[in-house]
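For reference, the structure discussed in these notes is given below.
In the UniProt record's numbering, the protein residues as written are 1 to 213.
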């Protein structure tokens, strides 16, 4: 039933919002040039990789290694705050790679760093909206984000999904939580210590410092 609702919902939203999506894409092209879309590998259902689609929110680097925080322009910051950069993920939903509601998709380099409870987030399709977008987005610490995801996966209900959609829309309309202080989005996830605090891990050193956009 959830998949049928995803298909119907994504198709309806694309039909209703295509003028907004087209206008935002044109504004993105004027601000950053081509390509308009940002593509990045993410871990989906059961850890299967897929390419997430977003509208670009950062300019090209002026030099190799320029930090994302310097590349995020005023237009890009407003785009992220509104959540409009995420609209192309309706296509990911139609492809069967994502759901309207579920844990937000994260880079596959994070997967080896999860605890068993945190890894449960991969038991469902990742969502355009999710428990984290309803509670603070990137402003939340990683430990809290992954705990909310685990709680969501433990009990997926239609009523719960509707509540997440409404709470997420309220947060997006206020433009809150798009970035963590001092970051273009948020710091990268580096694993969890037994005490429950985010900390560097040797399990996947390539993930250190890498953050989803």
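Glycine residues also receive a C-beta, built at the ideal position from the N, C-alpha and C atoms.
Nothing here was measured: the structure is a model prediction, and the numbers come from that model.
Would you mind listing the beta strand (DSSP E) stretches within the segment 104-160 that are 3+ residues and don't spill past its ends, in chain order?
127-129
With 16 other Cβ atoms within 10 Å as the buried cut-off, status of residue 145:
It counts as buried.
Residue ranges of each beta strand (DSSP E) within the segment 11-91, 3 or longer:
37-43 and 49-55
Neighbourhood of residue 90 by C-beta distance below 6 Å, restricted to the same chain and skipping five residues each side
10, 13 and 14
Have a look at the DSSP bridge pairing and note the partners of residue 99.
Answer by DSSP bridge pairing, in chain order: 127.
Mapping the DSSP letters down to three states, classify residue 185 as helix, strand or coil.
Coil at residue 185, not helix or strand.
Can you check which of these residues, 101, 31, 37 and 70, is closest to residue 152 by C-alpha distance?
Restricting attention to 101, 31, 37 and 70, the CA atom closest to the CA of residue 152 is found in 101.
Are residue 135 and residue 148 close, meaning C-beta to C-beta below 8 Å?
yes
For residue 46 and residue 115, what's the separation of their Cα atoms in angstroms?
The straight-line gap from Cα to Cα measures roughly 15 Å.
Residue 109: which of 66, 49, 5 and 3 sits nearest, CA to CA?
49
Closest to residue 19 by CA distance: which of 88, 57 and 69 is it?
Of the candidates 88, 57 and 69, the residue whose Cα lies closest to the Cα of residue 19 is 88.
Closer than 6 Å by C-beta to residue 39: which residues in its own chain qualify, once you throw out the five before and the five after it? Chain order, please.
Within the same chain, 51 come within 6 Å of residue 39 by CB-CB distance, once the 5 residues on both sides are set aside.
Using the three-state DSSP reduction, which class does residue 175 fall into: helix, strand or coil?
Taken through DSSP and simplified to helix, strand or coil, residue 175 comes out as coil.
Answer yes if the segment 164-178 comes into contact with the segment 72-85, meaning at least three C-beta pairs across the two stretches below 8 Å, and no otherwise.
yes
Since residue 129 and residue 165 are thought to touch, with beta carbons under 8 Å apart, how far apart are those beta carbons, to the nearest angstrom?
6 Å
Nearest-angstrom Cα separation, counted from residue 61 out to residue 16
35 Å
Can you round the beta-carbon distance between residue 121 and residue 150 to whole angstroms, since I take them to be within the 8 Å contact cut?
6 Å
C-beta contact flag for residue 99 and residue 76 at 8 Å
no
Can you check whether the CB of residue 86 is closer than 8 Å to the CB of residue 54?
For residue 54 and residue 86, yes; Cβs fall inside 8 Å.
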